[in-house]
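Q: Right, I'll just put the structure down here and ask away after.
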Amino acid sequence: MGIVGIDGRKTTSNHIIEVQEVVGIEAARRSIINEIQYTMASHGMTIDLRHMMLLADLMTFKGEILGITRHGIQKMKDSVLMLASFEKTADHLFNASVNGRDDQIQGVSECIIMGIPMQIGTGILKVRQRSYDNFLAIVPLTTASSARESLPMLFS
1 MGIVGIDGRK
11 TTSNHIIEVQ
21 EVVGIEAARR
31 SIINEIQYTM
41 ASHGMTIDLR
51 HMMLLADLMT
61 FKGEILGITR
71 HGIQKMKDSV
81 LMLASFEKTA
91 DHLFNASVNG
101 RDDQIQGVSE
111 CIIMGIPMQI
121 GTGILKVRQR
131 SYDNFLAIVP
141 LTTASSARES
151 LPMLFS
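Encoded structure:
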């Protein structure tokens, strides 16, 4: 960046590995986002910036650039089901069974495959649902004044 005649503030590169080696992983992440934006815009497509940021984060969170290929995914995840959901399903499942590997089923892909709620976002909460019958059992509606006095007990 200290070369005479070159303004480092306006210099860009689309070589992501080179960007990582010269200025670091955060700059490479930003370069990935810029390249996705440029490519999609040149095809007349618009994508929400947050989706591109998520993809760039996924590709750089290990401190190195990992591709969204079967090799990159293998470096990102140890989950058998996650690997099987991407490519070479039979191979991954066969190797896992031969080697006695287990899966904790904690990621999004694994939960979708198994049909169970994901433990992220709204799925992380354990909410108790009360039915109308249970509500009547909790608050006997004998008189209006006794019901008003019992209401604070509902939320304790």
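Residue numbers (full-length UniProt numbering): 1 to 156.
Yeah, the Cβ is synthetic: ideal placement off N, Cα and C, and Gly gets one too.
Bear in mind that the values here come from a model prediction, so they are computed numbers and not experimental data.
1. Which runs of the alpha helix (DSSP H), 4 residues or longer, sit entirely within the stretch 89-115?
2. By DSSP, does residue 82 sit in helix, in strand, or in coil?
3. Using 10 angstroms around the beta-carbon of residue 147, count the other beta-carbons present and answer buried if the total reaches 16, otherwise exposed.
4. Determine the direct distance from the alpha carbon of residue 108 to that of residue 63, and round the result to whole angstroms.
5. So for residue 34, helix, strand or coil by DSSP?
6. Below 8 Å, how does it come out for the stretch 100-107 and the stretch 79-87: are there three or more Cβ pairs, yes or no?
7. May I ask you to report which of helix, strand or coil DSSP gives residue 66?
8. Per the contact definition of three or more C-beta pairs closer than 8 Å, is the stretch 11-30 in contact with the stretch 42-50?
A: Here's the rundown:
1. 89-99 and 108-114
2. helix
3. Residue confidence for residue 147 is low, a pLDDT of 49 falling below 50, so the modelled location carries little weight and cannot support an answer.
4. 22 Å
5. helix
6. yes
7. coil
8. no
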